[in-house]
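Whatever position you read off the sequence shown (first residue = 1), add 403 for our numbering. The beta carbon of each residue, even a glycine, is placed where N, CA and C say it ideally should be.
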Amino acid sequence: TFFDGNIFYPAHNTIAGSENMLAHLPVTVPAMAATANALVVLKAMAFESFVLAVLAMFLYVRHHTGNVAAALAAGAAFTLAPWRVHVVPHPQYLATQYLPLAMLGVDLWIDRRQRRGLVLLGAAIALQALACLYLGYFAIVLVPVYAAARIAACHERRLGDAAGIAGALAAGGLAVLPVALPYLYARA
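As structure tokens, this is what we get:
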């Protein structure tokens with residue numbers, strides 16, 4: 404099966420005990436096909452994580468401030484934060500780029516009632532978990548707290564806002580379920 408990797412052969416379900424980093428496949432598969440070099444694949448994944456982190460935080464801050472300079476500074480600060488140096492030996496933890504997009508999805512829904520915000524929220528939650536299940540769990544806890552704080556600050560549409568966000572979070576979680584279940588089963 405998909406989770407029977409070549410590590411610890413002939414043991415079964417070995418990939419489920421590790422990160423699968425499936426959200427990176429659009430970058431890592433072409434890198435591997437072009438070079439057949441695992442180091443190039445790692446570099447491509449790290450580069451993708453840094454570029455998307457800048458872009459995600461840029462979009463989030465620009466939404467709130469409308470200021471391009473502030474958004475660029477926030478994107479650079481988020482991406483080049485000192486804590487990222489410590490996770491380079493564990494590349495799965497570089498993939499924090501989807502968290503700002505999830506929060507932006509919440510804001511687009513609450514501020515403008517844009518359905519694309521819910522789509523963005525669900526997709527960002529799913530991609531965050533597919534990039535790194537541990538970071539996905541963190542996002543599944545943090546984003547609802549952020550959404551609850553945003554909803555509490557609003558004076559109208561609280562129930563509708565909460566229902567939309569709950570639905571998007573559920574959709575994102577359901578999209579990850581086929582990958583998360585073998586992982587959770589292996590961890591148990």
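I need the straight-line Cα distance from Leu502 to Pro492, nearest angstrom please.
Roughly 21 Å between the two C-alpha positions.
Local conformation of Ala498 per DSSP, three classes
Coil, per DSSP.
Limits of the unbroken alpha helix (DSSP H) element including Tyr463
Element bounds for Tyr463: Ala441 to Thr468.
Three-state class that DSSP yields for Met435 in the structure shown
It is helical.
Check the C-beta distance from Ser452 over to Leu497 and give it rounded, since I have them as a contact under 8 Å.
Between Ser452 and Leu497, the beta carbon gap of about 4 Å places them in contact (Cβ cut-off 8 Å).
Report the rounded CA-to-CA distance for Asn592 versus Ala556, giving the unit in angstroms.
Coverage of the chain is limited to positions 404 through 591, which leaves residue 592 absent and any answer about it impossible.
Alpha carbon to alpha carbon, how far is Ile554 from Gln495?
Gln495 has its alpha-carbon roughly 32 Å from the corresponding atom of Ile554.
In terms of alpha-carbon separation, which member of Gly567, Ala566 and Ala505 lies closest to Ile543?
Residue Ala505 is the option with its Cα nearest to Ile543.
Given this structure, state the Cα-to-Cα distance separating Leu523 from Leu428, to the nearest angstrom.
Cα atoms of Leu523 and Leu428: separation of roughly 19 Å, rounded to the nearest angstrom.
Simplified DSSP assignment, three categories, for Tyr412:
The answer is coil: DSSP assigns Tyr412 none of H, G, I, E or B.
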